[in-house]
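The structure appears below as structure tokens.
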Amino acid sequence: MNDFSFHAPESLKEALELLSNYDGDARVMSGGTALMLLLKQSLVNPDHLISLHRVAEARAIQVTDGVLRVGGLVTQREMELSPVVREATPLLANAYSRVATVRIRNAATVGGGLAQADPAMDPPPSLLILNASVKVMSASGERVIPIADWYSDYYETTINEDEIVTELLVPVQPTDMAWTYIKYLPRTEDDYATVSVAALGKAVNGKVSEVRIGLGAVSSTALRASDLEAALQGADATFNVLKEASQAIADIVDPTSDPRGSADYKRDMSVVFARRALQQVLGVKD
Amino acid sequence: MTSTPIKQSVHVIVNGKPYSAEVPTYRTLVDFLRYDLGLTGTKETCSVGVCGACTVVLDGKMVSSCLTFAVRVDGSEIGTIEGVANGAELHPVQQAFIDNGGFQCGACTPGQIMAAKTLLEENPHPTEGEIKAFMMGNLCRCTGYYQIIDSIKAAAEQM
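From first to last, the protein sequence lines stand for chains C and V.
Just so we're aligned, residue 912 is where the first sequence starts under my numbering, counting upward by one.
Just so we're aligned, residue 2 is where the second sequence starts under my numbering, counting upward by one.
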């Protein structure tokens, strides 16, 4: 591992000043579970490491004006267990509960996960369909980025080098829509998925009233299947309609072959798991 | 890596006892425990946070010591396998692993014990499903896991 200076600022202001001063030569660490792997493989070689473990801010979870607000330094284990998150966005609490293992969730943070942006992570499909947004801060101010504009490529986001993720904003989940988060794990329960699907849906009198669907692990970023959502609006909520409509997923995913499946297999499984998720949230039997 | 690495001092309480050392910033917590403090009970096997062998308790939360820098724990309290027994008297979790065949080669055992102890402190009477969900991150290549689950159930009865 490369040699680096280690900094433990006690406030966001101090952390942002360090980040600004070292201008591109620094990396920010929160839980460290992901960055540590990049450091060990020398994929990143910063001269300065700025650890946020002493920062007291950005650790609150609250709901105000119909929006769940989660500090960037809240751990993923806290997201799983928080009664506030479970009440406001049960889908999101479930998605965080499915990340890796308890030991990893104890360290990994919400902000760290957003910045890491691995397309196979559990939360992104849910964040996409819940219309979340990300608040980032730099020494010169803050801005809010809709989640649809956040993930830009493998491990890439639209954050700037001098910014830190300080808050996740999530509109309270509609209580009249059913939800699910399913993932296909052919190897082990704590592995990254071959494909993961989050969905919200409501059927009234046998017709699709509203449906939202997001996919993870099958493209350079998590995806929202907006065209499929629009196509299903008002459609008959039947097995054959959902099976037919789900074929459209094959055209929007762009998976890579790896030990979790070949690209072709992942594309096929994306269609299958999308259909299953839609069946679950629309109450449609096989 | 430079010939004279950047070093920082680390002051920690490990198993109730204070320790101080000057270490390179890139020193992982597992290496710090083993090589700087001589506490070799904690094992490193996968080095990427998957296997659970290096599990320790950092300020009350179990973490992977292979994914934590020693300089990060300055001022913290750490619990390791060396602090589990009370002198010659084994902790109920340790005794239960012996009584129920919860280990064979022993490489994963310190991590299994630390995780099982943490589980039972958080949830004194876990169901089998809760045991499996909590212990999922601690791999064992000998026992086939059933004896580990039996050990934890037995320990829960004793605690």
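Ideal Cβ placement from N, Cα and C applies to all residues, glycine included.
Bear in mind the structure is a predicted one, so any value in this text is a computation, not a measurement.
- [ ] Name, please, each residue of chain C whose Cβ falls closer than 9 Å to the Cβ of I7 (chain V).
- [x] Contact note: I7 (chain V) reaches chain C through D914, F915, S916 and F917, using a C-beta cutoff of 9 Å and chain order.
- [ ] Could you give the DSSP three-state label for Y1066 (chain C): helix, strand or coil?
- [x] Looking at Y1066 (chain C) - three-state DSSP - the assignment turns out to be coil, as it is neither helix nor strand.
TODO: Would you mind giving the Cβ-Cβ distance between L1003 (chain C) and L1041 (chain C), rounded to the nearest angstrom? I have them listed as a contact below 8 Å.
DONE: At roughly 6 Å, the Cβ-Cβ gap stays under 8 Å, so L1003 (chain C) and L1041 (chain C) are in contact.
- [ ] Rounded to whole angstroms, what's the CA-CA distance from T29 (chain V) to T1105 (chain C)? Just pull it up for me.
- [x] Cα to Cα, T29 (chain V) sits roughly 31 Å from T1105 (chain C).
Task: Endpoints, the beta strand (DSSP E) within which G1052 (chain C) is located - done: Taken as a continuous stretch (DSSP letters only), the beta strand (DSSP E) holding G1052 (chain C) covers G1052 to P1057.
Task: Spatial neighbours of S922 (chain C) in its chain, beta-carbon cut-off 8 Å, leaving aside the 5 residues before and after - done: For S922 (chain C), where only same-chain residues beyond five positions count, the Cβ hits under 8 Å are V966, A967 and E968.
Task: Backbone secondary structure at D32 (chain V) - three-state DSSP - done: Here D32 (chain V) sits in helix by DSSP.
Open item on the list: Quick check: what's the CA-CA separation for H918 (chain C) versus D60 (chain V)?
Closed with: Within the model, the alpha-carbon separation for H918 (chain C) versus D60 (chain V) is close to 20 Å.
Task: In DSSP terms, what R1135 (chain C) is bridged to - done: Looking at the DSSP assignment, R1135 (chain C) forms a beta bridge with C:G1125.
Open item on the list: Three or more C-beta pairs under 8 Å: does that hold for the segment 76 to 86 of chain V against the segment 48 to 59 of chain V?
Closed with: Three or more beta-carbon pairs separated by less than 8 Å link the segment 76 to 86 of chain V to the segment 48 to 59 of chain V, which places the two stretches in contact.
Open item on the list: Can you pull the chain V neighbours of G943 (chain C), defined as C-beta to C-beta under 8 Å?
Closed with: Chain-ordered, the chain V residues with CB closer than 8 Å to the CB of G943 (chain C) read L68, T69, F70 and R73.
Task: Beta bridge counterpart(s) of H959 (chain C) as assigned by DSSP - done: C:S916 and C:A937, per the DSSP bridge assignment.
Open item on the list: Can you pull out the residues from the segment 951 to 984 of chain C whose beta carbon lies closer than 8 Å to at least one beta carbon of chain V?
Closed with: Taking 8 Å as the Cβ-Cβ cut-off against chain V, the residues of the segment 951 to 984 of chain C that qualify are K951, L960, S962 and H964.
Task: Within 8 Å, strictly: CB atoms of A117 (chain V) and T46 (chain V) - done: Between A117 (chain V) and T46 (chain V), the C-beta spacing is not below 8 Å.
TODO: Establish whether the CB of I1015 (chain C) and some CB of chain V are separated by less than 8 Å.
DONE: At least one chain V Cβ lies under 8 Å of I1015 (chain C).
Open item on the list: From the DSSP secondary-structure annotation, give me the bridge partner or partners of K1196 (chain C).
Closed with: K1196 (chain C) pairs with nothing; no bridge assigned.
Task: Cβ-Cβ separation, D1179 (chain C) to S1107 (chain C) (assumed contact under 8 Å), whole Å - done: Taking a contact as a CB-CB distance under 8 Å, the pair S1107 (chain C) and D1179 (chain C) does not count as one, their CB atoms being some 15 Å apart.
TODO: Taking all protein chains shown into account, decide if S1008 (chain C) is buried (16 or more other Cβ within 10 angstroms of its Cβ) or exposed.
DONE: Under the 10 Å beta carbon count, S1008 (chain C) is surrounded by 16 or more other beta carbons and is classified as buried.
- [ ] Return the residues of the segment 1028 to 1049 of chain C that lie within a Cβ-Cβ distance of less than 7 Å from chain V, sorted by chain order.
- [x] Listed by position along the chain: nothing, the set is empty.
- [ ] Give a yes or no on whether the C-beta atoms belonging to L963 (chain C) and V939 (chain C) are separated by under 8 Å.
- [x] With contacts defined by Cβ atoms closer than 8 Å, L963 (chain C) and V939 (chain C) form a contacting pair.
Open item on the list: Restricting to Cα atoms, I'd like to know which of C:P1001, C:P920, C:V974 and C:E928 is closest to W1090 (chain C).
Closed with: Distance from the Cα of W1090 (chain C) is smallest, within the candidate group C:P1001, C:P920, C:V974 and C:E928, for C:P1001.
Open item on the list: Less than 7 Å between C-beta atoms, sequence neighbours within five positions excluded: which residues of the same chain meet that for S1157 (chain C)?
Closed with: Closer than 7 Å at the Cβ level, and outside the excluded window around S1157 (chain C), lie V1182, A1185, R1186 and L1189.
Open item on the list: Quick check: the Cα distance between I149 (chain V) and R1014 (chain C), rounded to an integer number of angstroms?
Closed with: Between the C-alpha atoms of I149 (chain V) and R1014 (chain C) there is a straight-line separation of about 18 Å.
Task: Nearest to F98 (chain V) (by Cα), restricted to the options V:G50, V:V64 and V:M115 - done: Comparing Cα positions, the closest option is V:M115.
Task: Contact with chain C by S10 (chain V), beta-carbon distance below 8 Å - done: For S10 (chain V), the answer is no, since every Cβ of chain C falls outside 8 Å of its Cβ.
TODO: Using three-state DSSP, classify E78 (chain V) as helix, strand or coil.
DONE: Reduced to three states, the DSSP call for E78 (chain V) is strand.
Open item on the list: If distances are taken between C-alpha atoms only, which option among C:S1137, C:D1147, C:N1151 and C:L1143 comes closest to I873 (chain C)?
Closed with: The structure shown does not extend to residue 873 (chain C), since chain C spans only 912 to 1197, so no value can be given for it.
- [ ] Going by DSSP, name the residue or residues bridged to E162 (chain V).
- [x] In the structure displayed, chain V extends from 2 to 160; residue 162 (chain V) sits before or after that span and is not available.
Task: Continuous alpha helix (DSSP H) stretch holding V1164 (chain C): start and end - done: Here V1164 (chain C) belongs to no alpha helix (DSSP H), and DSSP marks it neither H nor E.
Task: Cβ pair G112 (chain V), G39 (chain V) closer than 8 Å - done: Taking 8 Å as the Cβ cut-off, G112 (chain V) and G39 (chain V) do not qualify as a contacting pair.
Task: chain C contact residues for F135 (chain V), given Cβ-Cβ distances below 8 Å - done: What F135 (chain V) touches in chain C: V1013.
Task: Alpha-carbon spacing of M2 (chain V) relative to T43 (chain V), whole angstroms - done: Here the model assigns M2 (chain V) a pLDDT of 48, short of 50, so the residue's position is not dependable and the matter cannot be decided.
Task: For A1174 (chain C) and S1168 (chain C), the rounded distance between their alpha carbons - done: Their Cα atoms are separated by approximately 5 Å.
- [ ] Whole angstroms is fine: what's the gap from V978 (chain C)'s alpha carbon to T69 (chain V)'s?
- [x] Separation of V978 (chain C) and T69 (chain V) (C-alpha to C-alpha, rounded to the nearest whole angstrom) is 33 Å.
Open item on the list: Does chain V have any CB closer than 8 Å to the CB of D934 (chain C)?
Closed with: Contact of D934 (chain C) with chain V is not assigned, every C-beta pair being separated by 8 Å or more.
Open item on the list: Going by C-alpha to C-alpha distance, which of V:R35, V:V74, V:E23 and V:K154 sits closest to D100 (chain V)?
Closed with: Ranking the options by Cα distance to D100 (chain V), first place goes to V:K154.
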